[in-house]
Every structure is written in C-alpha cells, then in structure tokens.
Amino acid sequence: MTGAKSYTIMRPPDVNRGAKFGCMLEKPSISEYRKVKISDCGQSAGKSLLTPQRLHADFDKENILAKVTTAYLQGILGDATYNKIHKTHRISQSNREWLERIKNLLADIGDKSWIYKEGKTRNVYVLETASKKLSMNFDPLLLRSDAEKIAYIRGYFDAEGGTSHSDNVRFYLQFAEKNRNRLEKVRNLLEQLGICCGSVHIPSSKADPNYWRFYVRAKSFSKFIIKIGSWHPRKHKIFSARMKI
1 MTGAKSYTIM RPPDVNRGAK FGCMLEKPSI SEYRKVKISD CGQSAGKSLL TPQRLHADFD
61 KENILAKVTT AYLQGILGDA TYNKIHKTHR ISQSNREWLE RIKNLLADIG DKSWIYKEGK
121 TRNVYVLETA SKKLSMNFDP LLLRSDAEKI AYIRGYFDAE GGTSHSDNVR FYLQFAEKNR
181 NRLEKVRNLL EQLGICCGSV HIPSSKADPN YWRFYVRAKS FSKFIIKIGS WHPRKHKIFS
241 ARMKI
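Residue numbering for the sequence shown follows the numbering used here, starting at 1 and increasing by one per position.
Right, here's the structure in full:
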C-alpha cells in the first residue's frame, strides 16, 4: 500500500478544556486521574472498588504527569525574569494564547498565576506566578526520565527556540540566548535523545560577543518535531504544516 507518510506529533494543551496531556501521549489531566469509574475497574461484585493496586497506579500516573508538567514549566523560565521583591516569575509574550496554556499547566500542579496587558498601546502580555516549584537555578541535567527531559526541552524551545516562519526561507531549528552554560546543557540533553546538533557558537562577536546559539542538524529535523514538538501556538502550527498533518 502506497501513499504519503503520516506523522503524529504532540498537540498543545487545550486552553478551553484545560491542560489535557500526558508524558508524551494523549492522556487525561491530573485531576481526571482522581475520578475512578466502575466501568474502568472491571471488578466483580463483592470486591472493593478502590484496591491498593488501583490507588498505587493512579498515584504513579499523577506523579509522572506532575513531574512532566513541572519540567516543561522549568524550561520556559529560559525567557522569564524573577522579581526578588515580590518573589514571582514573570513571562512576557505577544501571544496571549500561549500564556493561557501556561496558566492552565500551573493550575494543574496546584499553582496560581495571573495575566495582564503591559501598557495601553503595546501588544505585550505578562504572566506572573509565585510558584514555589519553579526555580531560575534549576539544573536540567538532574532530570532522570526521557519524558521529563523532552518536556523541559519543549518548554525551553517554546521560550528561547526559533524556526523559519515562511516557506520562502530555508527551514531551520535553533536555540539562542546569553546563558551559554544553560544552552550547552540543553544541547547535551538533545544529543542524549538522539537528536544531532551543531556546536554552540557566537553568531556575531561584533554584534554581541555574549550571545550564543546552536542549530539542530537537518538530518534530525523530523525527529525533533515528532519527539520534542512545541506547545507554542505559532510554532506548533508551523511544525504541523511541515509534517503535513
């Protein structure tokens, strides 16, 4: 049987329905795992509905989802600032839809956040959170599971990554920022996941000698899109069009 290849990439959390996602698969939210349905248990009459095994399985699922959610949120801090006075993380963005998705993810791990427009004339929105689960000093190399590493890289790419916006421009995937140490760690994680990258370099020492960048190699484009993907509305749309979904 012949025909065009089809790919499945991770879709972003649904803003209207809340953060409905799993590790790398489509799974219910953390709150939905707390709902135990009789039809799901397949238990005979006279037996306890909530067995220790079932409770343990539900706890494991909640734990994994919370870890993956937190890893993604840690990744997006690459583009955040920290207010030492108010002790809040601050993320500014012109795309409010992405901030709404982040707000849902924070709510899914039990943290509050708020969004407001910055200035009357500027098209910039800001999300702030006082979440104690997030830290600007987080070390991604401490992540153990591939699911957490992938979630962290996805968040980091959504915040600091770049890709071509037009079919008239040669397709590329890049990560760039001033924190070389963090950039090197993200590159190492990608290599561990089998995604080939170029070296970390300075694009222009004349323009900014403290600005660093690395590219994902062309042979790993498809693997990056399928495995890492994006939950940023604009980037996800670009990836979906490229993979002809």
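We put the CB at the ideal spot given by N, CA and C, even for glycine.
Small disclaimer: the values here were computed from a predicted structure and weren't measured.
With DSSP as the reference, identify every bridge partner of residue i, one or two as the case may be.
i, result
"residue 175", "161 and 214"
"residue 91", "127"
"residue 201", "213"
"residue 82", "89"
Is the CB-CB distance between residue i and residue j below 9 Å?
i, j, result
"residue 76", "residue 91", "yes"
"residue 151", "residue 71", "yes"
"residue 99", "residue 115", "yes"
"residue 176", "residue 203", "yes"
"residue 146", "residue 132", "no"
"residue 225", "residue 242", "yes"
"residue 125", "residue 83", "no"
Where does residue i fall in DSSP's three states?
i, result
"residue 186", "helix"
"residue 114", "strand"
"residue 221", "helix"
"residue 145", "coil"
"residue 119", "coil"
"residue 103", "helix"
"residue 170", "coil"
"residue 138", "coil"
"residue 228", "coil"
"residue 195", "coil"
So, under 8 Å CB-CB, residue i and residue j are touching, yes? Tell me the CB distance rounded to an integer number of Å.
i, j, result
"residue 194", "residue 174", "With 8 Å as the limit, residue 194 and residue 174 do not qualify as a contact, their Cβ atoms being about 19 Å apart."
"residue 201", "residue 182", "Not quite, the Cβ-Cβ distance comes to about 15 Å (not below 8 Å), so this is no contact."
"residue 127", "residue 113", "6 Å"
"residue 149", "residue 143", "5 Å"
*asked:* Quick test of the definition: if touching needs 3 or more C-beta pairs under 8 Å, does the segment 147 to 163 touch the segment 228 to 244?
replied: Result yes; three or more Cβ-Cβ pairs closer than 8 Å.
*asked:* Tell me whether the segment 91 to 105 and the segment 182 to 194 touch, counting them as touching only if at least three CB pairs, one residue from each stretch, are closer than 8 Å.
replied: Three or more Cβ pairs closer than 8 Å define a contact, and the segment 91 to 105 falls short of that threshold against the segment 182 to 194.
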